[in-house]
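FYI, the numbering used here numbers position 431 of the sequence shown as 431, with every residue one higher than the one before it. C-beta atoms are modelled at their ideal positions from N, C-alpha and C, and glycine is treated no differently. Just so it is clear, the structure is predicted and the values come from calculations on it, not from any experiment. See below for the structure under consideration.
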Amino acid sequence: MQTVTEGPDPGPEQRSRTHAARTGRAARTLFDPTILRAAAVDSIRKLDPRTLARNPVILVVEAGSVVTTVLFARDLLAAAPSALFVGLITAWLWFTVLFANFAEAVAEGRGKAQAESLRATRKETTALRRTATGELEEVASSLLEVGDVVVVTAGELIPSDGDVVEGIATVDESAITGESAPVIREAGGDRSAVTGGTRVLSDEIVVSITARSGETFLDRMISLVEGAERQKTPNELALGILLSGLTLMFLLAVVTLQPFAVYSGAVGGSRISLTVLVALLVCLIPTTIGGLLSAIGIAGMDRLVQHNVLATSGRAVEAAGDVSTLLMDKTGTITYGNRQAAAFVAVDGVDVAELAEAACLASLADETPEGRSIVSLARGSYGVGDVGEPGAGVEFVAFTAQTRMSGCDFDGRSIRKGASDSIRRWVESNGGEFPHTLTDVVDGIARGGGTPLVVADGSRALGVVHLKDVLKEGMRERFAELSSMGIRTVMITGDNPLTAASIAAEAGVDDFLAEATPEDKMRLIKAEQAGGNLVAMTGDGTNDAPALAQADVGVAMNTGTQAAKEAANMVDLDSDPTKLIDVVAIGKQLLMTRGSLTTFSIANDIAKYFAIIPAMFAPIFPALASLDVMRLGSTESAILSAVIFNALVIVCLIPLALRGVRFRAAGAASVLRRNLLVYGVGGVVAPFVGIKAVDVVLSALGMS
1 MQTVTEGPDP GPEQRSRTHA ARTGRAARTL FDPTILRAAA VDSIRKLDPR TLARNPVILV
61 VEAGSVVTTV LFARDLLAAA PSALFVGLIT AWLWFTVLFA NFAEAVAEGR GKAQAESLRA
121 TRKETTALRR TATGELEEVA SSLLEVGDVV VVTAGELIPS DGDVVEGIAT VDESAITGES
181 APVIREAGGD RSAVTGGTRV LSDEIVVSIT ARSGETFLDR MISLVEGAER QKTPNELALG
241 ILLSGLTLMF LLAVVTLQPF AVYSGAVGGS RISLTVLVAL LVCLIPTTIG GLLSAIGIAG
301 MDRLVQHNVL ATSGRAVEAA GDVSTLLMDK TGTITYGNRQ AAAFVAVDGV DVAELAEAAC
361 LASLADETPE GRSIVSLARG SYGVGDVGEP GAGVEFVAFT AQTRMSGCDF DGRSIRKGAS
421 DSIRRWVESN GGEFPHTLTD VVDGIARGGG TPLVVADGSR ALGVVHLKDV LKEGMRERFA
481 ELSSMGIRTV MITGDNPLTA ASIAAEAGVD DFLAEATPED KMRLIKAEQA GGNLVAMTGD
541 GTNDAPALAQ ADVGVAMNTG TQAAKEAANM VDLDSDPTKL IDVVAIGKQL LMTRGSLTTF
601 SIANDIAKYF AIIPAMFAPI FPALASLDVM RLGSTESAIL SAVIFNALVI VCLIPLALRG
661 VRFRAAGAAS VLRRNLLVYG VGGVVAPFVG IKAVDVVLSA LGMS
């Protein structure tokens with residue numbers, strides 16, 4: 001036997017906008033002057049107490065700001081010496097409220113900018129609707145109902161979401177997905193769905209409308225990015241309750257300090273005491289995470305939209321961050337979806353070049369991806385020329401289910417390729433003998449998970465074409481990352497167990513489900529959930545709908561069936577099954593960002609308590625002087641420095657809240673240790689350093 005090494009794997013379809021490009025775009029828009037100007041205006045509008053009622057922590061800060069504003073006005077009118085101190089406290093308290101609003105407004109502004117871009121693609125179009133009698137009538141796209149059938153020709157916009165029921169066409173989806181390369185949409189199969197607002201570039205298709213006006217994916221995407229329909233997730237609600245509880249706890253703690261606060265502010269009487277009391281409360285309640293919590297959630301959804309994934313609920317995004325089991329289809333997700341020619345194996349006495357030429361000739365009329373890959377390998381590796389091209393006296397023989405082989409008759413030769421048993425009968429019918437060694441090669445390829453196609457020239461069996469599923473580039477590394485995060489990966493395939501085991505081992509997945517039926521998928525998901533795992537899966541067919549609905553995170557392909565999209569809680573507009581891995585990473589980044597900044601904020605507040613209280617009451621209780629490690633200039637300086645630091649730390653953390661904490665593939669224990677070290681210890685240390693630095697500046701300005 002002679003074996004040819006594998007040819008180059010076919011690269012993935014090149015996309016015009018990569019993930020890195022999307023990330024770069026996100027970084028630029030973060031500081032877009034247009035968005036910042038709009039956010040500055042919105043931060044003032046959000047001062048309405050009815051708006052701030054959604055954020056109790058910042059509402060308390062605003063209430064305190066109103067109180068100190070009144071005190072400042074009275075002191076100013078009375079020319080009291082405390083007016084400057086009260087005025088500075090008041091200014092920084094309002095600064096804190098405004099920048100908390102500003103963080104949320106910037107996050108919302110990025111969504112509004114995306115929504116305006118999407119809205120520009122939504123146009124009122126005229127559709128050709130087919131009547132019951134088969135005639136065509138012109139109607140406005142907004143009048144279309146579910147079930148209407150419209151005809152769309154080259155150059156026209158598809159008026160609404162639907163499924164192609166007749167024809168095939170190339171469609172420009174760049175307005176929705178950002179991809180410049182046109183895609184093929186055709187009736188039947190899993191590539192029949194079309195999106196309203198995209199343009200047909202060639203041919204003609206008949207579309208059955210599946211969405212009413214105002215309920216299309218474009219409409220839902222606009223609502224999503226604008227935040228109009230974004231509701232707080234259970235995690236956010238729980239954290240909100242925690243923050244409200246902490247606020248109430250510190251409120252009670254500060255109230256108990258009223259006698260000491262009055263005494264420590266004796267210079268200005270009760271007015272100064274009340275100012276100090278308000279300032280102390282604002283510094284101790286979790287204003288940092290309170291001011292950034294909403295922005296973190298909005299930015300997390302925004303990152304999902306930047307990856308062209310439409311989520312029907314914020315709950316699904318959070319669930320993605322907690323996923324512990326990932327179910328992925330083999331075809332199109334782990335492999336490229338079409339088996340490719342990987343090697344030629346010639347029988348003894350046959351030159352591999354002869355086998356390559358015969359296989360190429362037998363595949364010239366084969367328009368399947370497998371057939372084209374055989375021609376590509378033969379020409380790329382062995383320089384097989386244009387001999388046998390159409391018009392060169394070649395009579396092509398098409399593949400049929402009965403013969404299970406195809407080929408050509410050329411220059412007195414009858415070349416065939418196909419299943420082993422079919423070629424065996426062909427060779428024997430022509431008076432030849434099928435070599436036993438060839439049977440061994442065929443069995444070996446099959447056991448290894450490949451598909452053997454035998455090639456014969458008349459009565460001579462020449463050898464085997466080894467077809468195999470080709471793994472997508474980098475999949476093994478990505479599965480290794482998931483494993484390091486504690487996520488179990490399961491490959492789902494209709495292949496037999498032997499083939500499935502071979503591909504699973506090559507890909508590096510943890511387990512596989514072979515010969516899978518819809519019922520098998522459901523049983524697997526329910527079993528995983530019964531074991532306490534959160535399950536995510538992808539799908540695009542109607543037979544995937546039950547499993548997508550059962551999974552905690554179900555990602556349907558935009559090109560898939562309507563049933564699949566309705567069952568899932570996410571839709572990938574790029575129809576890239578591997579996007580599920582990115583969705584999990586985005587969910588984890590959202591949870592990590594929220595957890596990290598919450599850790600920082602609580603540690604920050606505890607540190608501020610121990611930084612401020614000794615400075616305030618050391619003159620009254622000298623024993624506390626040993627705890628005053630910062631040696632702040634005065635009581636007023638301690639309070640003012642803490643308030644200024646409290647406001648500035650929100651400003652400094654806005655970019656981190658919007659970009660998200662960098663996600664690293666690691667186990668839960670490792671992530672927890674890192675967060676406690678970086679954000680826990682950092683949250684304790686930062687106030688001591690920051691407050692002291694502000695105090696030094698105030699002393700230099702003669703304000704301490």
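The way I'd put it, the stretch 349-358 doesn't touch the stretch 582-602; fewer than three beta-carbon pairs between them come closer than 8 angstroms. Per DSSP, Glu357 is one residue of the alpha helix (DSSP H) stretching across Val352 to Ser363. A direct Cα-Cα distance of roughly 50 angstroms separates Ala154 from Ala100.
In the DSSP assignment, Thr331 forms a beta bridge with Thr335. DSSP places Gly494 outside both helix and strand once states are collapsed to three, so it counts as coil.
A distance below 7 angstroms between beta-carbons, with the five flanking residues on each side excluded, links Pro182 to the following residues of its chain, in chain order: Thr170, Val171, Asp172 and Leu201. Annotated three-state conformation of Thr216 is coil, per DSSP.
Scanning its chain for C-beta atoms nearer than 7 angstroms, with the 5 sequence neighbours on each side dropped, one finds around Thr333 the residues Thr538, Pro577 and Thr578, in chain order.
Excluding residues up to 5 positions away in sequence, Val57, Pro286 and Gly290 lie with their Cβ nearer than 6 angstroms to the Cβ of Leu243 in the same chain. Proximity to Ala638 across Val689, Val681, Gln589 and Leu77 peaks at Val689, based on C-alpha coordinates. The Cβ atoms of Ala187 and Val152 do not sit closer than 8 angstroms to each other.
By the Cβ-count criterion, Asn496 is exposed, with fewer than 16 other Cβ atoms from all chains shown falling within 10 Å of its own Cβ. Of the residues Met522, Gly532, Ala530 and Leu252, the one whose Cα lies closest to the Cα of Pro546 is Met522. Rounded to whole angstroms, the Cβ separation of Cys360 and Val384 is 5 angstroms, and the two are in contact under 8 angstroms.
Its chain contains Thr489 as the residues whose beta carbon lies nearer than 6 angstroms to that of Leu482, once the 5 sequence neighbours on both sides are disregarded; these appear in chain order. The three-state secondary structure of Ile415, taken from DSSP, is strand. The beta carbon of Phe250 is closer than 8 angstroms to those of Leu281, Leu284, Ile285 and Asp605 in its chain, skipping five residues each way along the sequence. The C-beta of Gly683 has 16 or more other C-beta atoms within 10 Å across all chains shown, which makes the residue buried.
Judged by DSSP secondary structure, Gln402 falls outside any alpha helix (DSSP H); it is assigned neither H nor E. Across the set Leu701, Asn569 and Ile581, the C-alpha of Leu701 shows the shortest separation from the C-alpha of Gly633. For Lys468, the pairing in a beta bridge is given by DSSP as Gln340.
Annotation: the continuous alpha helix (DSSP H) that includes Asp302 extends over Thr287 to Gln306. Beyond the five residues adjoining it in sequence on each side, Glu204 comes within less than 6 angstroms, by CB distance, of Thr153 and Gly167 in the same chain, given in chain order. DSSP, reduced to helix, strand and coil, places Ser575 outside both helices and strands of the structure shown, so it counts as coil. Asp348 sits exposed, since fewer than 16 C-beta atoms from the chains shown fall within 10 Å of its C-beta. Here the stretch 361-370 lies against the stretch 395-405, with 3 or more beta-carbon pairs under 8 angstroms apart. According to DSSP, Ser208 shares a beta bridge with Val149 and Asp163. In this structure, Val278 is the residue among Gly109, Glu108 and Val278 with its C-alpha nearest to the C-alpha of Thr69. As the crow flies, the alpha-carbon of Val317 is around 32 angstroms from that of Leu157. Closest by C-alpha distance to Ile602, out of Val694, Asn675, Ala623 and Val553, is Asn675.
Contact between the stretch 418-432 and the stretch 466-483 is absent: fewer than three C-beta pairs spanning the two stretches fall below 8 angstroms. Of the residues Ala607, Leu248, Thr437 and Val106, the one whose Cα lies closest to the Cα of Arg659 is Val106.
Collapsing the DSSP output to three states places Pro546 in a helix.
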